[in-house]
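Residue numbers (the numbering used here): 2 to 365. Positions of the beta carbon are idealized from the N, C-alpha and C atoms, including for glycine. Since this is a predicted model, take the numbers as computed values, not measurements.
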Amino acid sequence: MKAAVLYKAGEPLVIEDLKLAPPKAGEVRVRVAANGACHSDLHVMTGDMRMPLPIVLGHEGAGIVAETGPGVTSVKEGDHVVLSFSPVCGFCYFCTQGKPQLCETRPKAAGTLLDGTTRLQKNGQDIFHFAFTASFAEETVVPESCAIKIREDIPLDRACFVGCGTMTGMGAAINTAQVQPGSSVAVIGCGGVGLNVIQGAALAGARKIIAIDLLQNKLDFAKTFGATHFLNPAQDDPFKAVLDLTNGRGVDYAFEVISTAKTIELAFKMTARGGVCTIVGVSPETARISLNPNVFTLMEKKLQGSYYGSTRPRIDMPRLLDMYMDGKVKIDELVSRTFPLEGVNEAYDLLKQGGVARSVIKFF
Ligand code: COD
Ligand code: ZN
């Protein structure tokens, strides 16, 4: 089967014919229908996020179950699924607290499935799986808990976004930060994920949603997703502008959706007394932030992270898709371009240039 392989950071992905071994116990083989081009894959391509190589990237996928390994009970051949990039055991300390995004069950080695091995090979050489999903491929084998059954009337080239951008962003606002009706929100970084933080905040009833991005087209997208005010740091000082928009207080909720130390510090600085700053981006290992600790005490500001929108995949993903089908969650507006697998490098060139909200790689 065809897949896009990263052999070396800084080089383009190579479309290869790979061998995919059948699913082992507790695994599912999925025929991938579509996969969004998210920035996290780009972090691996540039070397900012270190992964074992060669690797098949892709973690925003949806498809149809082709085969199930022994013991699989939650899906069967022919079921439509969204791919989750975070396996869930259901039994550990965190799963039983209702925080499956923090599940303790992880393989010993990055880039493998849960048993520490890969199902992907080229000429006898193991190829790694990115984020358990490896969905820039015609087919993939994933842990059962990463195959989330969904309704069959949802177009798979839309459902795939719930596998990352829509869930990560909306979940950060709704599940992690629990944005309150009438509140003020600032979102720094209005890409595929940030636009969905905006969408989640709008759905939660935030009154003022300030979108901050260096690119005018992203601010235009932000309007579609529910932002009420727009700031470009290349033109205005975003800290000063946010104070001007909030009676000098700062926002109740700030979100950093880029993953740089500078923008994290900025998000925290524009958070009001008693407010909550949520980091959505994952920065390079070497990144460090610098904060005055007194503001935690004297101003009761809070700083927290959000992983995968604090999602409970089997509850939140089908629910967001129901809301999409009811016209209450926007996904179509996210899709700027559609490419075949062979266009994957072009899709990432466009993301780097900032020309798109999201591109989708469509297999069928
Ligand atoms: N000031 C304002 N805006 C900026 C700046 C800046 N200094 N620098 C970049 N931006 C804007 C860009 O113009 C762009 O619009 C946006 O920031 C980034 O958007 P995308 O579309 O390139 O990126 P996303 O939305 O796909 O991904 C952003 C993440 C923060 C999620 C990603 O970078 C990341 O850190 N991923 C790891 C976190 C994670 O949970 N990963 C799991 C799957 S995503
Ligand atoms: Zn992603």
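Worksheet item: Alpha carbon to alpha carbon, what distance is there between residue 215 and residue 14?
Response: As a position in the sequence shown, residue 14 is number 13, starting the count at 1. As a position in the sequence shown, residue 215 is number 214, starting the count at 1. About 27 Å.
Item to complete: Take every Cβ of the region 188-196, pair it with every Cβ of the region 249-267, and state whether three or more of those distances are shorter than 8 Å.
Response: Of all C-beta pairs linking the region 188-196 to the region 249-267, three or more are shorter than 8 Å, placing the two stretches in contact.
Fill in: Cβ contact check for the region 151-161 and the region 29-48: 3 or more pairs under 8 Å
Yes: the two stretches touch, three or more of their Cβ pairs being nearer than 8 Å.
Worksheet item: Roughly how many angstroms separate the alpha carbons of residue 105 and residue 54, rounded to a whole number?
Response: Position 104 of the sequence shown holds residue 105. Position 53 of the sequence shown holds residue 54. Their Cα atoms are separated by approximately 24 Å.
Fill in: Distance between beta carbons of residue 305 and residue 281, contact taken as under 8 Å
The count along the sequence shown starts at 1 and reaches residue 281 at position 280. The count along the sequence shown starts at 1 and reaches residue 305 at position 304. So it is not a contact: roughly 10 Å between Cβ atoms.
Worksheet item: Three-state secondary structure (DSSP) at residue 96?
Response: Numbered from 1 along the sequence shown, position 95 holds the residue referred to as residue 96. Residue 96 falls in the helix class under three-state DSSP.
Discussion item. Looking only at its chain, what residues have a beta carbon closer than 6 Å to the beta carbon of residue 71, apart from the 5 residues adjacent to it on each side?
Written reply: For the purposes of this step, residue 71 is taken as the residue at position 70 of the sequence shown. The beta carbon of residue 71 is closer than 6 Å to those of 26 in its chain, skipping five residues each way along the sequence.
Practice prompt. Compare the beta carbon distance of residue 367 and residue 243 with 7 Å and say whether it is the shorter of the two.
Written response: Residue 367 lies beyond the range of the chain shown here (2 to 365); nothing can be said about it.
Practice prompt. Identify, in the order they occur along the chain, each residue of the same chain with its Cβ nearer than 8 Å to the Cβ of residue 170, setting aside the five sequence neighbours on each side.
Written response: Start at 1 with the first residue of the sequence shown, and residue 170 comes out as number 169. Same-chain partners within the cutoff: 193, 194, 195, 196, 197, 198, 199, 200, 201, 258, 281, 310.
Item to complete: Return helix, strand or coil for residue 179, following the three-state DSSP convention.
Response: Translated into the one-based positions of the sequence shown, residue 179 becomes position 178. Residue 179 sits in coil when the DSSP states are folded into three classes, being neither helix nor strand.
Worksheet item: According to the Cβ coordinates, are residue 89 and residue 108 closer than 7 Å?
Response: The residue labelled residue 89 in the question sits at position 88 within the sequence shown. The residue labelled residue 108 in the question sits at position 107 within the sequence shown. Contact: no.
Fill in: For residue 41 and residue 340, the rounded distance between their alpha carbons
Residue mapping note: residue 340 aligns to position 339 of the sequence shown, counting from 1. Residue mapping note: residue 41 aligns to position 40 of the sequence shown, counting from 1. If you take the alpha carbons of residue 340 and residue 41, they lie about 18 Å apart.
Fill in: Residues bridged to residue 144 [DSSP beta-bridge criterion]
Position 143 of the sequence shown, counted from the first residue, corresponds to residue 144. Bridge partners of residue 144: 28.
Worksheet item: Going by Cα to Cα distance, which pick from 262, 148, 271, 82 is closest to residue 289?
Response: Counting from 1 along the sequence shown, the entry for residue 289 is found at position 288. Closest option to residue 289, Cα to Cα, is 262.
Worksheet entry | Between the CA atoms of residue 301 and residue 162 - distance to the nearest angstrom | The sequence position of residue 162 within the sequence shown is 161, counting from 1. The sequence position of residue 301 within the sequence shown is 300, counting from 1. If I take the Cα positions, the gap works out to 35 Å.
Worksheet entry | Any non-hydrogen atom of the ligand ZN within 6 Å of residue 90 CB | As a position in the sequence shown, residue 90 is number 89, starting the count at 1. Here the distance from the Cβ of residue 90 to the nearest heavy atom of the ligand ZN is not below 6 Å.
Worksheet item: Since residue 219 is in the alpha helix (DSSP H), which residue starts that stretch and which ends it?
Response: The residue given as residue 219 occupies position 218 in the sequence shown. Judged by DSSP secondary structure, residue 219 falls within the alpha helix (DSSP H) whose first and last residues are 217-225.
Discussion item. So, at 8 Å on beta carbons, what are the nonlocal neighbours of residue 82 in its own chain, with the 5 sequence-adjacent residues on each side left out?
Written reply: On the sequence shown, position 81 is the one that residue 82 refers to. Hits under 8 Å: 29, 31, 63, 64, 65, 66, 76, 148, 149, 150, 151.
Worksheet item: Regarding residue 39 and the ligand ZN, is the C-beta to nearest heavy atom distance less than 6 Å?
Response: Here residue 39 refers to the residue found at position 38 of the sequence shown. Correct: residue 39 has its Cβ closer than 6 Å to the ligand ZN.
Discussion item. Measuring only the C-alpha atoms, how far is residue 333 from residue 360?
Written reply: Residue mapping note: residue 333 aligns to position 332 of the sequence shown, counting from 1. Residue mapping note: residue 360 aligns to position 359 of the sequence shown, counting from 1. Going from the Cα of residue 333 to the Cα of residue 360 covers about 11 Å.
Worksheet entry | C-alpha distance - residue 11 paired with residue 126, whole-angstrom precision | Within the sequence shown, numbered from 1, the residue matching residue 11 stands at position 10. Within the sequence shown, numbered from 1, the residue matching residue 126 stands at position 125. Cα to Cα, residue 11 sits roughly 21 Å from residue 126.
Fill in: Proximity to residue 8 [Cα-Cα], best of 21, 52, 272
Against the sequence shown, residue 8 aligns to sequence position 7. Ranking 21, 52, 272 by Cα distance to residue 8 puts 52 first.
Practice prompt. Confirm, please, whether the CB-CB distance from residue 3 to residue 122 is below 7 Å.
Written response: Looking up residue 122 in the sequence shown gives position 121. Looking up residue 3 in the sequence shown gives position 2. No, Cβ-Cβ distance for residue 122 and residue 3 is not below 7 Å.
Worksheet entry | Assumed close pair residue 24, residue 78 - CB separation to whole angstroms, cut-off 8 Å | Indexing the sequence shown from 1 puts residue 24 at position 23. Indexing the sequence shown from 1 puts residue 78 at position 77. Not quite, the Cβ-Cβ distance comes to about 11 Å (not below 8 Å), so this is no contact.
Discussion item. Rounding to the nearest angstrom, what Cα-Cα distance links residue 323 and residue 293 in this structure?
Written reply: Here residue 323 corresponds to residue number 322 of the sequence shown, with the count starting at 1. Here residue 293 corresponds to residue number 292 of the sequence shown, with the count starting at 1. Straight-line spacing of the CA atoms in residue 323 and residue 293 works out to 43 Å.
Worksheet item: Which one of 320, 61, 342, 138 has the shortest CA to CA distance from residue 166?
Response: As a working note, residue 166 is residue 165 in the sequence shown. Per the Cα distances, 61.
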